[in-house]
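Just so you know, the protein sequences line up as chains S and U, in that order.
Using the numbering used here, the first residue of the first sequence is number 3, and each one after it goes up by one.
Using the numbering used here, the first residue of the second sequence is number 3, and each one after it goes up by one.
The beta-carbon is built from N, C-alpha and C at its ideal position, and this holds for glycine as well.
These figures come from a predicted structure and were not determined experimentally.
A short worksheet on the structure shown next.
There are 2 protein chains.
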Amino acid sequence: MRLTSKGRYGVSAIVDINNHGKEGKPVTLAAISERQFISLSYLEQLFRSLRAGGLVRSVRGPGGGYFLARPASEITIANVIQAVNEPIRTTLCENAVRGCHRGKRCDTHELWDAMGKHIYRFLDAVSIEMVCQKEVDLNNLELKPVEDIVTEVRMEQKIAKVS
Amino acid sequence: MRLTSKGRYGVSAIVDINNHGKEGKPVTLAAISERQFISLSYLEQLFRSLRAGGLVRSVRGPGGGYFLARPASEITIANVIQAVNEPIRTTLCENAVRGCHRGKRCDTHELWDAMGKHIYRFLDAVSIEMVCQKEVDLNNLELKPVEDIVTEVRMEQKIAKVS
DNA sequence: ATAAATCTGATTGTTTTAGTCAAGTATTTT
DNA sequence: AAAATACTTGACTAAAACAATCAGATTTAT
C-alpha cells in the first residue's frame, strides 16, 4: 500500500459523493470534478479502480453517476487507498527482496514492519463517515490491536542495488 | 517529510555505524557499503545530507570514516529521514496550495493532517538505539502527546491541477 | 435520434528518485 | 615527500512512478 496523491484524490472523491449525493441521485464525475478541482479524465481513471474495488456503484446514461456501494461508515480510508493503487504491482517474488538480502532479515526489518502497521492501523480506523462528521477528533482514535493487522504499508518504491 | 527508500537507506547506514563502530574507530563508507548492500557512490550522497543534518561527524584520511554525532539514543528515525530528504523543497508559498483551494480548507484537510502527525509521532518515538536493541517492542510504544508535534508528514508529491 | 453519462485502452509528459562519474581535498602511513 | 586512504563536491544520467490526457466505445434517458 502506497501513500501518494492518487490516494488523496480518491478519498476526496469518495468524500464528495457522501457529502453531495442526496436523495438517491447518483453523483456525476463532472460535478466531483468541479467541486474537488480534479480533471474529469483523471477521475475516470480513479473510478475505474474504485469500481473494481467494490467501493462505488455506477449508473450509466443521462442522469447517471456514482453511488457509494456501501454505507460511508463501512468504507475506510485504507479501503480507498488500497483500491486506487491496486492495478499493477502483482509480480511474483514480491516480498522476496524487501531490503533483506539472502534470507536474513536486515537490521531495520522490524522497524519498517512496525511503521507500516502503525500507519495502517490509522487508515483502517478512519471511515469516510468520520471524515465527513467534523466532530470526530482524528488525533485520538481507538485503534485496533496490532495483532489484527495483516496488510501493511510500504515505504520503498525501488529496491537497493548492490555495489 | 517524505517516506522514500532514501530514508530507509539512511536509517540502515546510521544503524550500521552504531552496530559496528567499536572502540572509538570511525566506520568507513566502504564497510557500510559491503554490509548494507548500498553502493559507495550513493552512500556518499546520503552522508552529505546526514553530515549537513548534524547526525554524523567525519574523519578524513586513512583510518577515517564516520561517527555518530551524538548518542544513538538521541537520534530518532524522524531525524534521519528528515536529514536525507531536506536538500531541495524550499520554495516559497509552500503550504499555500496543499490541496486546499483559495483559502478554504478542503474536506479532507484534517484527515491528512492527522495522518501526518500520526506517522511522525511514531518516527519521533523510535531512536536508533531502540532499533539496535532487539528487545524493544516497536509495536507498543509510548508516543508523545499530539500537542507536542510540530513537523508533519506529507502524502503528496504533486499538486492537483484544475480541470 | 440525440445527448448525457459512464467505460475502456492506450499513451503521453513530467517529476522524483536512485544511482553514477569525475575530480577534488585532507590526513595518515611509509 | 610520496602514496594511499578516505571523505567531499558538483554535475550528470537513467529509470521508475506518477499524474494526466486522449480518442473512442457503450449505455440509457428523454
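Closer than 7 Å to chain S by CB, residue i
{"i": "U:T78", "result": "no"}
{"i": "U:I121", "result": "yes"}
{"i": "U:N20", "result": "no"}
{"i": "U:L57", "result": "no"}
{"i": "U:V13", "result": "yes"}
{"i": "U:V17", "result": "yes"}
{"i": "U:A116", "result": "yes"}
{"i": "U:V148", "result": "yes"}
{"i": "U:A162", "result": "Because U:A162 carries a pLDDT of 35, less than 50, the predicted location of this residue cannot be relied on, and the following value inherits that uncertainty. At least one chain S Cβ lies under 7 Å of U:A162."}
7 Å Cβ cutoff, residue i in contact with chain U
{"i": "S:T110", "result": "yes"}
{"i": "S:V61", "result": "no"}
{"i": "S:F124", "result": "yes"}
{"i": "S:L1", "result": "Shown here, chain S extends from 3 to 165; a query on residue 1 of chain S therefore has no answer."}
{"i": "S:T113", "result": "Looking at the sequence itself, residue 113 of chain S is Leu, so the reference to Thr does not match. Interface residue, yes."}
{"i": "S:N81", "result": "no"}
{"i": "S:N141", "result": "yes"}
{"i": "S:I151", "result": "no"}
For residue i, the residue or residues it bridges with in DSSP
{"i": "U:V29", "result": "U:Y68"}
{"i": "U:V61", "result": "U:G67"}
{"i": "U:T78", "result": "U:S129"}
Cα-Cα separation, residue i to residue j
{"i": "S:M3", "j": "U:Q38", "result": "25 Å"}
{"i": "S:S7", "j": "S:V13", "result": "10 Å"}
{"i": "U:E112", "j": "U:L52", "result": "32 Å"}
{"i": "U:N21", "j": "U:V138", "result": "16 Å"}
{"i": "U:D150", "j": "U:Y122", "result": "11 Å"}
{"i": "U:A33", "j": "U:L145", "result": "34 Å"}
{"i": "U:L70", "j": "U:V152", "result": "25 Å"}
{"i": "U:I77", "j": "U:L57", "result": "8 Å"}
{"i": "S:S35", "j": "U:Y44", "result": "42 Å"}
{"i": "U:G26", "j": "U:S129", "result": "21 Å"}
{"i": "S:A127", "j": "S:A85", "result": "16 Å"}
{"i": "S:P73", "j": "S:D115", "result": "31 Å"}
{"i": "S:G63", "j": "S:Q135", "result": "32 Å"}
{"i": "U:I19", "j": "S:P147", "result": "34 Å"}
{"i": "S:L143", "j": "U:L42", "result": "43 Å"}
{"i": "S:G9", "j": "S:I40", "result": "13 Å"}
{"i": "S:G65", "j": "S:R50", "result": "19 Å"}
{"i": "S:Y11", "j": "S:L48", "result": "8 Å"}
{"i": "U:V17", "j": "S:L125", "result": "29 Å"}
{"i": "U:G118", "j": "S:C108", "result": "26 Å"}
{"i": "U:T110", "j": "S:V82", "result": "13 Å"}
Within chain S, partners of residue i - CB distance below 8 Å
{"i": "U:V133", "result": "D109, T110, E112 and L113"}
Within chain U, partners of residue i - CB distance below 9 Å
{"i": "S:V128", "result": "L113, A116 and M117"}
Whole alpha helix (DSSP H) elements within the segment 109-140 of chain S, 4-residue minimum: Runs of the alpha helix (DSSP H) lying entirely within the segment 109-140 of chain S, each at least 4 residues long, are 111-127 and 130-134 in chain order.
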